[in-house]
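See below for the structure under consideration.
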Amino acid sequence: MGLKFDGNFNFIEEFRKLDLASPKCGSWTRASENCDYGDITTASRDCYMCFNSGNCQNAYFCEDSRGLKDCSDCALCENLELCYECIVCDSLYNSNYCQDCSNCNDIHFCFDLKRCKDCIGCSGLRNKQYCIFNEQFSKEDYEAKSGKLNLNDEAGLKFIRQKLEELKAKTPRMYVHQLDTTNCTGDYVYHSKNCHFCFDTRHTEDSGYIYQANLDMGTRDSYDCGPIPTGMDLCYDISYAHYLFNCKHIYWCGNLKDSKYCINCLESEHLFGCNYLKNKQGGFYILNRKVDEDFYWKRTEEIERELEGKGIYTIWDLLYKDLSKSAVRVLDDVLQRGCQICNESFELCEAEIAFYKKMKIIYPVYCPECRNKQRVSLRNERKMYKRKCSSCEKTLITTYPPESPYKVVCLPCYWKNIG
Ligand SMILES: [Zn+2]
Ligand SMILES: [Zn+2]
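Rendered as structure tokens:
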């Protein structure tokens, strides 16, 4: 590659070149069978067009869910069977068109129901059975009435939806969805404490701006992680990664320690600016090249200063930011600041400042929402295309469109060649 480590290489340019040259995995499945149409699937069987899902069987068009069986068109759900068009629900059986419901069966077009059975078009009920539009009926009347509701034509569906919207408008809403939390702000936060602005997050402590941390292995002492961070500790600016310790600016990596600006790396430590690398022998790496320890520390510190000077604050910036636009310096003591992307003002909280100081991170110049959008956009859209494995030529079903400039490989080739 002709890269000289005399200290004069252009890190940003070399990092971008390395990313283009490094193979990407066409679609990611683990311990799964017959789930080729989809991406990020674990321990699942016979699924089609499912994304970021685990422990699913016969699931179709489902996203960000776990434990679905015979379900279609569900998102952010757990433990559903025979369900259709459900969002943010858990433990439902034979239920359709539901939102924010849990531990129910045979409910349809319902909102915020807990521990209910046999309900149609209801909102905000607890421990009920045989209700239609929040009205209680006897078993016989329920059966007769529900039989008359036409769930199978457009006019019937429209009528039910309209009635449900009226009821939803009257249902008092809990100001947040949280369970077993202490000192947390955010929504859909469970079993967590001291969390600042976290969403769809479980098992997280002393952290902020964590998104979609839905697995049991939680996050501690970390900021700006997600989507799908699993088992983070002392981490910053991370997306689609698992089991990281003391890492910053990481995308799509697993089991890393003390590493920065890495993509597609596994089971390693002391990597800086690496891509598609599994460091088997140990040691210190910059841009996939093994370097002396002294050189590593000295040069990476210089690079970090250089990146900061050029307005590179995130892994997204390092990959894609237009460097022809001049960087705007922001004073470190301004706690109420304007986002350099959307201009909205945002504030830093005390815990967050302490974290940035401890981790030697400069205060963010983008608001939390723009930071999250950047991290989400690192991944491809949830669409599937056919193309050939760049290594073995096998046909792949992948989220990389045919015109994408990357080398895209099948899972066996991905594992075979990383190192
Ligand atoms: Zn913004
Ligand atoms: Zn292949």
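Numbered by the working numbering, the letters in the sequence shown go through residues 1 to 419 in order. By construction, the Cβ of each residue, glycine as well, lies at the ideal position given by its N, Cα and C atoms. No experiment lies behind these values; they were computed from the predicted model shown.
Cα atoms of residue 8 and residue 215: separation of roughly 43 Å, rounded to the nearest angstrom.
Ranked by how close their Cα comes to the Cα of residue 178, the residues 172, 167, 190 and 171 have 190 in first place. As computed with DSSP, residue 177 is found in no beta bridge at all. At least one heavy atom of ligand 2 is found less than 7 Å from the C-beta of residue 409. For residue 410, the CB contacts under 6 Å within the same chain, skipping 5 residues up- and downstream, are 26, 389, 394 and 396 in chain order. Proximity of the segment 217–232 to the segment 356–376 meets the contact definition, three or more beta-carbon pairs being nearer than 8 Å. DSSP places residue 346 within a strand segment (E or B) once states are collapsed to three. Among the bridge pairs identified by DSSP, residue 66 is matched with 54 and 78. If you ignore the 5 residues before and after residue 58, its C-beta comes within less than 8 Å of the C-beta of 45, 46, 47, 69, 70 and 71, all in its own chain and listed in chain order.
Selection 30, 310 and 288 evaluated against residue 324 yields 310 as nearest (Cα-Cα). According to the DSSP assignment, residue 324 belongs to no beta strand (DSSP E), since it is labelled neither H nor E. Excluding its 5 nearest sequence neighbours in each direction, residue 305 has no C-beta neighbour in its own chain below 8 Å. Remark: the C-beta of residue 389 is in contact range of ligand 2, defined as less than 7 Å to any heavy atom. In terms of side-chain proximity, the C-beta atom of residue 366 is found nearer than 7 Å to a non-hydrogen atom of ligand 1.
At least one heavy atom of ligand 1 lies closer than 7 Å to the C-beta of residue 339. The three-state reading of DSSP puts residue 103 in strand, counting E and B together. Under the 10 Å beta carbon count, residue 138 is surrounded by fewer than 16 other beta carbons and is classified as exposed.
Under the three-state reduction of DSSP, residue 43 is assigned to coil, being neither helix nor strand. The residues 91, 114 and 115, in chain order, have a CB closer than 7 Å to that of residue 103 in the same chain once the five nearest residues on each side in sequence are set aside. A direct Cα-to-Cα measurement between residue 56 and residue 184 gives close to 30 Å. Per DSSP, the beta bridge partners of residue 338 are 345. At a cut-off of 7 Å, the beta-carbon of residue 412 counts as near ligand 2: some heavy atom of the ligand is closer than that. Nearest C-alpha to residue 236 among 255, 186 and 259: 259. Counting of Cβ neighbours within 10 angstroms places residue 212 among the buried residues, the total reaching 16 or more.
Across the structure, residue 208 and residue 33 are spaced so that their CA atoms are roughly 36 Å apart. At the C-beta level, residue 274 and residue 287 come within 8 Å of one another. Look at residue 131: its beta carbon is at least 7 Å from all of the heavy atoms in ligand 2.
DSSP places residue 300 in the helix class (H, G or I) of the three-state scheme. Between the alpha carbons of residue 202 and residue 298 lies a distance of about 38 Å.
Residue 134 is positioned such that its CB atom lies closer than 8 Å to that of residue 122. Comparing alpha carbon positions, the residue from 318, 84 and 30 closest to residue 14 is 318. The DSSP assignment places complete alpha helix (DSSP H) segments of no fewer than 4 residues inside the segment 339–412 at 350–359 and 368–377, in order along the chain. Taking a 10 Å sphere around the C-beta of residue 295, we find fewer than 16 other C-beta atoms and assign the residue as exposed.
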